[in-house]
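> Numbered per my numbering, the sequence shown spans residues 22 to 120. First the structure, then my questions, so here it is.
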Amino acid sequence: MSEETPRVNASCLEDFKGRTIRILGKVKSLHGESCVIDANGDVTDANFEVGQFYEVIGRISDDSSVKMLQYQDFGTNIDMTNVDNLVKLQHKYKTIFYD
22 MSEETPRVNA SCLEDFKGRT IRILGKVKSL HGESCVIDAN GDVTDANFEV
72 GQFYEVIGRI SDDSSVKMLQ YQDFGTNIDM TNVDNLVKLQ HKYKTIFYD
């Protein structure tokens, strides 16, 4: 994937509508072919397990849901405080990471 994929969380989904992003979160619930992750992003067409952490590469739709393109299983032990801090740093210094 050669397109820039900035890391985001729920607080910045609105800023990246129509763009491809990365979002890491824990699956809270499954709903048919979609699920809800703890970063408040809806991810469609996923074969996920509740309680697992996944990084999703996807495109943000107009309704702020995320259409999954790829994903990576991150297991069950992720410190979301560190993930949120990484997201904040990447947006503070975006010229280093993307843009």
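Don't be surprised by glycine CBs; every beta carbon is placed ideally from N, CA and C.
Cβ of TYR114 within 8 Å of Cβ of TYR92?
Within the sequence shown, residue 114 is the residue found at index 93, counting from 1. Within the sequence shown, residue 92 is the residue found at index 71, counting from 1. Not in contact: TYR114 and TYR92 (Cβ atoms no closer than 8 Å).
> What does a CB cutoff of less than 8 Å around ASP105 pick up in its chain, not counting 5 residues either side in sequence?
The residue labelled residue 105 in the question sits at position 84 within the sequence shown. Excluding sequence neighbours, ASP105 sits near ASN30.
> Specify the secondary structure class of GLU76 as computed by DSSP and reduced to three states.
Here residue 76 refers to the residue found at position 55 when the sequence shown is read from its first residue. Three-state DSSP puts GLU76 in a strand.
> Which same chain residues, not among the five before or five after VAL64, have their C-beta less than 7 Å away from its C-beta?
Position 43 of the sequence shown holds residue 64. Only SER55, CYS56, ILE58, VAL77, GLY79, VAL87 and MET89 meet the Cβ criterion.
> Does SER82 come out as helix, strand or coil in the three-state DSSP assignment?
By one-based count along the sequence shown, residue 82 stands at place 61. Residue state, collapsed to three classes: coil.
> Return yes when the Cβ of GLU35 is within less than 8 Å of the Cβ of ASN85, no when it is not.
On the sequence shown, residue 85 is found 64 positions in, with the first residue counted as 1. On the sequence shown, residue 35 is found 14 positions in, with the first residue counted as 1. Asn is not the amino acid found at residue 85; the sequence shown has Ser there. Yes, these two residues count as a Cβ contact at 8 Å.
> Roughly how many angstroms lie between the CA atoms of PHE118 and LEU51, to the nearest whole one?
For the purposes of this step, residue 118 is taken as residue 97 along the sequence shown, with counting starting at 1. For the purposes of this step, residue 51 is taken as residue 30 along the sequence shown, with counting starting at 1. Cα to Cα, PHE118 sits roughly 32 Å from LEU51.
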